[in-house]
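Adding 3 to a residue's 1-based position in the sequence shown gives its number in our numbering.
Quick reminder that beta carbons are idealized off the backbone N, C-alpha and C, glycines included.
Worksheet: the structure to be examined is printed underneath.
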Amino acid sequence: MQVLTKQLVAIKSINTEHFKDSGQSKKVMQEVMILKQTRHKNIVRLFEYFQTTKHVLIVIELSSGGDLLSYVRKRRQLKEDVAKSLFKQICEAI
């Protein structure tokens with residue numbers, strides 16, 4: 004829970020010891036920058052991020068509906084019109 008707002012949040016913790024090279028670190032920072040710039044009802048909002056010697060912690064809006072990967076895995080495949088709609092929404096948000 005975010006103490007100041009008393010809002011439930013999700014925290015994505017990435018262990019930096021598993022980074023094989025600086026390219027992986029760069030990808031994580033790209034994700035942070037994209038989330039900072041993106042405002043859309045279907046994309047979780049970034050609240051804050053922190054980096055320690057061993058972890059990158061990304062504090063994001065809690066998505067009670069789950070993530071896109073779980074959604075796709077549960078259905079095994081998406082109908083073309085559903086995939087097209089989801090992709091369009093994501094592209095419009097960026």
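Quick check: residue i and residue j, are their CB atoms within less than 8 Å of each other?
i	j	result
I61	L49	yes
Only counting the same chain, and skipping five residues up and downstream in sequence, which positions put a Cβ closer than 6 Å to that of residue i?
i	result
N45	Q92
S28	F22
In chain order, what residues of the same chain have a beta carbon less than 7 Å from the beta carbon of residue i, not counting five sequence neighbours either side?
i	result
S16	H58, L60
Report the option in the options whose CA atom is closest to the CA atom of residue i.
i	options	result
S67	V47, D84, A86	V47
H33	Y52, E95, K9	The displayed chain sequence assigns Gln, not His, to residue 33. Per the Cα distances, Y52.
Q54	T19, K82, V75	T19
A13	R79, G69, K82, K87	G69
Could you give the distance in angstroms between the alpha-carbon of residue i and the alpha-carbon of residue j?
i	j	result
C94	L38	13 Å
S88	T41	18 Å
V31	K82	30 Å
T56	K9	28 Å
D24	V85	36 Å
I63	R79	27 Å
F90	Y74	14 Å
G26	M36	15 Å
Excluding sequence positions up to five away, which residues of its chain have a Cβ less than 8 Å from the Cβ of residue i?
i	result
K77	none
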